[in-house]
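For the sequence shown, the tail end lands on 638 under the working numbering, and the numbers increase by one without skipping.
Quick reminder that beta carbons are idealized off the backbone N, C-alpha and C, glycines included.
Quantities reported herein were computed from a predicted structural model and do not represent experimental measurements.
Worksheet: one structure, shown below.
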Amino acid sequence: MTSVTTMHPTYIGPEKVLEKRKQYFFPCTHHFYQDPPQIVQGSMHQLIDHTGKTYTDFFAGVSVVACGHCNEHITAKTIEQLTKLQHTTTIYLTEPMVQLAERLANECLPGELKRTFFCNSGSEANEGALLLARLHTRRKDFLALEYGLHGRTFLTMGVTGMPMWRTDDYLDPHVTFIPRPYDEELDVEDAAHRSIEALRQVLAEKGNTFAAMIVEPIQGNGGMIVPPDWYFREMKVLLAEYGILLIADEIQTGFGRTGRMFAMDHYGVAPDIITMAKALGNGVPIGAFATTDAIAASFNRPSASTFGGNPVSAATAMAVLDYIQQEQLVARSAELGNQLKDGLRTLQVKHSVITDVRGKGLMVGAELNTGEASLDAVLTDRVLEKMKNRGYLIGKNGVGRNVLAFQPPLIMPEAEIDAMLSVLDEVLSKAVYAGEERGAKDGRDS
Numbered sequence: 193m194t195s196v197t198t199m200h201p202t203y204i205g206p207e208k209v210l211e212k213r214k215q216y217f218f219p220c221t222h223h224f225y226q227d228p229p230q231i232v233q234g235s236m237h238q239l240i241d242h243t244g245k246t247y248t249d250f251f252a253g254v255s256v257v258a259c260g261h262c263n264e265h266i267t268a269k270t271i272e273q274l275t276k277l278q279h280t281t282t283i284y285l286t287e288p289m290v291q292l293a294e295r296l297a298n299e300c301l302p303g304e305l306k307r308t309f310f311c312n313s314g315s316e317a318n319e320g321a322l323l324l325a326r327l328h329t330r331r332k333d334f335l336a337l338e339y340g341l342h343g344r345t346f347l348t349m350g351v352t353g354m355p356m357w358r359t360d361d362y363l364d365p366h367v368t369f370i371p372r373p374y375d376e377e378l379d380v381e382d383a384a385h386r387s388i389e390a391l392r393q394v395l396a397e398k399g400n401t402f403a404a405m406i407v408e409p410i411q412g413n414g415g416m417i418v419p420p421d422w423y424f425r426e427m428k429v430l431l432a433e434y435g436i437l438l439i440a441d442e443i444q445t446g447f448g449r450t451g452r453m454f455a456m457d458h459y460g461v462a463p464d465i466i467t468m469a470k471a472l473g474n475g476v477p478i479g480a481f482a483t484t485d486a487i488a489a490s491f492n493r494p495s496a497s498t499f500g501g502n503p504v505s506a507a508t509a510m511a512v513l514d515y516i517q518q519e520q521l522v523a524r525s526a527e528l529g530n531q532l533k534d535g536l537r538t539l540q541v542k543h544s545v546i547t548d549v550r551g552k553g554l555m556v557g558a559e560l561n562t563g564e565a566s567l568d569a570v571l572t573d574r575v576l577e578k579m580k581n582r583g584y585l586i587g588k589n590g591v592g593r594n595v596l597a598f599q600p601p602l603i604m605p606e607a608e609i610d611a612m613l614s615v616l617d618e619v620l621s622k623a624v625y626a627g628e629e630r631g632a633k634d635g636r637d638s
């Protein structure tokens, strides 16, 4: 890692950026780090700050730049489209969006999913999927898993089970939460059976009232929770008995992140509706939800998305699909994920503070527990800060914000994974669990 101490004259510096954020942003907008860098440039698996210091990015903007920052093969297609046609809307005929929809149907989507509605973000994709479920079933209620995260719009916040992200005090009351297939007091199998049994009981009481159940195949913000292989198959069978649709929220998990094109492929389950965003645009905003011919037929009232599927986003997304295929990033994610998990589990043996390592592909979490719950998140923040200082950016998630989140670009070099693990080993060896960390969270995401 290199560092240049002289600030480039065109950059105002992180202190000024923080000052302007405080002056012009809403107070809900937080940031990582006690001493945050000003990021000014990106190249594949690396980011560069205003001083010229280089960071290896193990978070990828929360699973967004799966193909790498400013990937020249993708940005070339983005720029080419920008010079030809930047925007119309869905009321006009343009080629990129229909080409993208065709490629998704023929190359990517599981089962009989075929029809796609394009929008701008993951939240909007999930909102549209929930609306579609209501239109198709003519029912109002939803099922969701505890500690899931599905967005910041009205319906998506209502089905979000993570308390810190349920901002609205007047959310839709027509949501029933089922225990997720994870509990620190139970093993994975027992927690999953408890979850399915709870679902079975709810369905027996009022199964005919539900339009859909929305799930993340792997809960990301909830702490990288991976259910057993049989879990979603049994869920799908139960839901089908009552005519309830299964919505797979693949916003974080889609497009190779978990070592399969979609995470639901690990479980052998084709959902009734699937939602996509993040990695599909590799940094260019895009969202979509897709379903079967029969279910799509129920969404027949006038609707449109002004920017959904615009030519630039669509052309970029097709370049993303090209790059994923050409570089075999789905298989690469599985291989690198095994390397990362093996390395973290080796550290787990050495450092008792790591109590669990879980995930699939390059969507991996390492849970930190100090023995004192009030200090777990503090320790996690301290590890993130020290890793940043050493030139590595990693994320955090979990109900207690005590899970180190590793979601790097799928093009991450193998040597960089080993180098990061070596530095993490040193950081954990020097970690302190009390004292100065108690005040280390000021101004950062909680």
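query: is_contact[G587, chain B] using C-beta, thresh 8 Å; result: In the structure shown, chain B does not exist; there is a single protein chain.
query: Integer Cβ distance of M416 from A597, believed to fall under 8 Å; result: 7 Å
query: Short Cβ contact (8 Å threshold) for L521 with G448; result: yes
query: Environment of T281 [buried if 16+ CB atoms lie within 10 Å]; result: exposed
query: Short Cβ contact (8 Å threshold) for M456 with E433; result: no
query: Bridge partners - R550, DSSP secondary structure assignment; result: G557
query: Distance between beta carbons of G234 and C262, contact taken as under 8 Å; result: 5 Å
query: Spatial distance of S315 from L322 (CA atoms); result: 11 Å
query: Closest Cα partner of L363 within the set L305, V461, G343; result: G343
query: I204, buried or exposed, once every other Cβ within 10 Å from all chains shown has been counted against 16; result: exposed
query: Cα-Cα separation between A534 and A496, rounded to whole angstroms; result: The displayed chain sequence assigns Asp, not Ala, to residue 534. Rounded to whole angstroms, D534 to A496 spans 46 Å at the Cα level.
query: Proximity below 8 Å, CB of P409 to CB of Y374; result: no
query: G253 versus P601, K622, Q393, E606, residue with shortest Cα-Cα distance; result: P601
query: N-terminal and C-terminal residue of the beta strand (DSSP E) that N589 is part of; result: 587 to 589
query: Secondary structure, beta strand (DSSP E): runs of 3+ residues fully inside the stretch 275 to 327; result: 307 to 311
query: Cβ contact check for the stretch 523 to 539 and the stretch 554 to 567: 3 or more pairs under 8 Å; result: yes
query: Per DSSP, cross-strand counterpart(s) of I240; result: Q233, T246
query: Three-way DSSP call (helix, strand, coil) for I406 in this model; result: strand
query: Three-state class that DSSP yields for Y515 in the structure shown; result: helix
query: Contact belief for L438 with P419 at Cβ below 8 Å, rounded distance in angstroms; result: That pair is no contact at about 13 Å.
query: Sufficient close CB pairs (3 or more, under 8 Å) joining the stretch 364 to 372 to the stretch 465 to 472; result: no
query: Where the beta strand (DSSP E) containing V256 begins and where it ends; result: Per DSSP, V256 belongs to no beta strand (DSSP E) and is neither H nor E.
query: Segment contact flag, the stretch 399 to 414 with the stretch 321 to 335, C-beta cutoff 8 Å, min 3 pairs; result: yes
query: Of the listed residues Y515, D333, G244, nearest to K398 (C-alpha basis); result: D333
query: R452 versus N318 - alpha carbon distance; result: 21 Å
query: Contact between the stretch 258 to 274 and the stretch 616 to 623 (3+ Cβ pairs under 8 Å); result: no
query: Status (buried if at least 16 other CB within 10 Å, exposed otherwise) for R593; result: buried
query: CA-to-CA distance, S566 to T359, given in whole angstroms; result: 23 Å
query: Backbone secondary structure at H342 - three-state DSSP; result: coil
query: 4 or more residues per run - each alpha helix (DSSP H) lying fully within the stretch 370 to 453; result: 380 to 398, 423 to 433
query: F499 beta carbon less than 8 Å from that of N312; result: yes
query: Simplified DSSP state of L602, which is helix, strand or coil; result: coil
query: Simplified DSSP assignment, three categories, for A462; result: coil
query: Residue interval of the alpha helix (DSSP H) (run including G535); result: 521 to 542
query: C-beta contact flag for G340 and Q411 at 8 Å; result: yes
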